[in-house]
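Chains as they are written, first to last, in the working numbering: chain A, 1 to 212; chain B, 1001 to 1212.
Written below as structure tokens is the structure these notes are about.
Protein chains: 2
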Amino acid sequence: MRVGELSKRSGVPVATIKYYLREGLLPAGVLTSPNQAHYDDEHLRRLRLVRALVDVGGLSIASVRDVLVAVDTRDDSLHNKLGTVQEAITQPGSAELDPLAVKDVQEFFARQGATDCVDVTESHVTHMLATALSAARSVGHDDFRNLLDPYLEGLKIIARADLEYITRHGSPDDIIEGMVVGTLIGDAVLKAVRRLAHGQVSREVFGQRPPD
Amino acid sequence: MRVGELSKRSGVPVATIKYYLREGLLPAGVLTSPNQAHYDDEHLRRLRLVRALVDVGGLSIASVRDVLVAVDTRDDSLHNKLGTVQEAITQPGSAELDPLAVKDVQEFFARQGATDCVDVTESHVTHMLATALSAARSVGHDDFRNLLDPYLEGLKIIARADLEYITRHGSPDDIIEGMVVGTLIGDAVLKAVRRLAHGQVSREVFGQRPPD
DNA sequence: GCTATCGGAAAGGTACACTATCCATATGCG
DNA sequence: CGCATATGGATAGTGTACCTTTCCGATAGC
């Protein structure tokens, strides 16, 4: 197909597709003449992945590129690849780390027997966790960190489901793409379902009674 | 204090504070003369809340304003207030809803006995859920929706911890602010901890020591 | 032959979140 | 008092991100 049909089938404007091609988010089509190119279903699939990452995952164009590079790299262990992808799909966050929050994270790791797993200062994920705990402190919720353990308890159930889902979708190369999709779309789903759960809880607790 | 000290104590530049004042994110200080105003600890607290919503929650300035209006509204039930706040802290997402995804959401609600709770087409949260499921479909993960139930199972544990946290922090007016902080910072924490869990699981499965 | 579309490059546009400048006061210190 | 500095308020400007628009000469397809 040519770019017009790619646009029609994906819902992405032609100008935007050209922009993604320029930015390296989409591989170039096969040139059949100096100014005609041919795109296939892989391009369509990749384009839809890009839109999912941008729209649902909220990733920047630069992050999407990082993710796709990791997805496309073949000569790497799955574990390393997941690490690369996780860094790419986690927004860095520029602020300095609060030492108190770093200590919270380290204590959490120690409690969970994962001390050797990650260096707090080196990973976007732990940086994000420390930043969030620091923000909680700054608005007067010093003991928000006490929620880490129950959160992990619930997330173990969720991570188990994630793993099972991923391994069931064990097409040879799709597994990393499945991780990306599952992680980012999973984030959005978790966010939404958690809010629904809050709503139901709030209905039970604050529902009919008028406030004093 | 005057704006300079407010800036020093919060780490937010004076120009940015002025911008927030213009945008109604921060109430004006008490004027002691035509061009001198006085700010107190409430301003500092509010300013830190704004930064937490922007930095950790990733909210736009407009969304922050919506949240603060809801937080400051006094004559409303807590349940309604939570609803307003939830709408404000959940990005709308402009796309059309995919009927298949809407059906997934409705079936999920029916399974969980929450049919009367929310109108799928009317709430940002359900819109977000349907959008996420639709995106999953579009990249070839039609059965991602099967994860909804295990996700809810894990989130019940988490929501219970959230509720207990909120009610323990039951200062009369702070409860809504606690909900906002707990929800948004909680989102970030959940995201991070889930990635850590994935990393550990990946280490077990794909790392150097497979469990079996 | 004629019109629509193409690939490719470059310039333009829009939205957002600040940031800088200006100015007529006010403050605080010596 | 004198004077550098800071202030409130208004207006204009900046930087980044993500597209759009416009142009071009070259096909494609009827």
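Ideal Cβ placement from N, Cα and C applies to all residues, glycine included.
On a predicted model such as this, the values are computed, not experimentally measured, just so you know.
Chain-order list of chain B residues neighbouring A/E5: empty, with the shortest C-beta distance near 17 Å, by a criterion of under 8 Å. Short of 8 Å from the beta carbon of A/D142, and not among the five residues preceding or following it, lie these beta carbons of its own chain, in chain order: A136. Per DSSP, B/L1025 is not a residue of any alpha helix (DSSP H), being assigned neither H nor E.
For B/T1073, no Cβ of chain A is located within less than 8 Å of the residue's own Cβ. For A/V193, a Cβ of chain B is located within less than 8 Å of the residue's own Cβ.
Only those residues of the stretch 1030-1056 of chain B whose C-beta falls short of 8 Å from the nearest C-beta of chain A are listed: R1045, R1048, L1049, R1051, A1052, D1055 and V1056. The shortest C-alpha to C-alpha distance from B/L1006 to any of B/V1105, B/E1023, B/L1025 and B/R1048 is the one to B/R1048. Interface flag for B/V1067 against chain A is unset, since no Cβ pair is found closer than 8 Å. By alpha-carbon distance to B/E1107, the top candidate from B/L1184, B/N1146 and B/P1092 is B/N1146. Of the other Cβ atoms in all chains shown, fewer than 16 fall within 10 Å of the Cβ of A/D149; this residue is therefore exposed. Remark: fewer than three beta-carbon pairs, one from each stretch, lie closer than 8 Å, so the stretch 1083-1100 of chain B and the stretch 157-170 of chain A are not flagged as touching. Secondary structure of B/V1102 (DSSP, three-state): helix. Using a Cβ distance threshold of 8 Å, A/G29 and A/Y39 count as a contacting pair.
Of all residues in the stretch 1149-1170 of chain B, only P1150, Y1151, L1152, E1153, G1154, L1155, K1156, I1157, I1158, A1159, R1160, A1161, D1162, L1163, Y1165, T1167 and H1169 place a beta-carbon less than 8 Å from a beta-carbon of chain A.
With fewer than three CB-CB distances shorter than 8 Å, the stretch 1171-1187 of chain B does not count as touching the stretch 66-85 of chain A. Counted as a single uninterrupted DSSP element, the stretch harbouring B/Q1036 is not any alpha helix (DSSP H) but the beta strand (DSSP E) occupying residues Q1036 to H1038. Separation of the CB atoms of A/V125 and B/R1195 is rounded to 5 Å, and the pair is thereby assigned contact status at 8 Å.
Just measuring C-alpha positions, the residue of A/V54, A/V180 and A/V201 sitting nearest A/V85 is A/V180.
CA-CA distance, B/H1079 to A/V201, rounds to 9 Å. The Cβ neighbour count for B/T1167, taken over all protein chains shown within 10 Å, is under 16; the residue is labelled exposed. With respect to A/L184, B/L1190 sits apart: the two C-beta atoms are not nearer than 8 Å. A Cβ-Cβ distance of about 4 Å is found for the pair A/A130 and A/A101, placing them in contact under the 8 Å criterion.
By the 16-neighbour rule on beta-carbons within 10 angstroms, A/V64 is buried. Measuring C-alpha to C-alpha distances from B/I1157 to each of A/I17, A/G113, A/G182 and A/V193 identifies A/V193 as the nearest.
By the rule that beta-carbons nearer than 8 Å mark a contact, B/V1189 touches chain A. The beta carbon of B/V1105 sits closer than 8 Å to the beta carbons of V1120, T1126, L1129, A1130 and L1133 from its chain, once the five residues preceding and following it are set aside; these are given in chain order.
DSSP places A/L97 outside both helix and strand once states are collapsed to three, so it counts as coil.
The residues L1059 and V1064, in chain order, have a CB closer than 6 Å to that of B/L1053 in the same chain once the five nearest residues on each side in sequence are set aside.
Contact annotation, A/I61 with A/L25: C-beta distance approximately 7 Å; criterion of less than 8 Å satisfied. Close to B/T1131, with beta-carbon spacing below 7 Å, are these residues of chain A in chain order: V56. Residue environment for A/L31: exposed (fewer than 16 other C-beta atoms within 10 angstroms of its C-beta). Its Cα nearest to that of A/V12, the residue A/L44 stands out among A/L44, A/K103 and A/E204.
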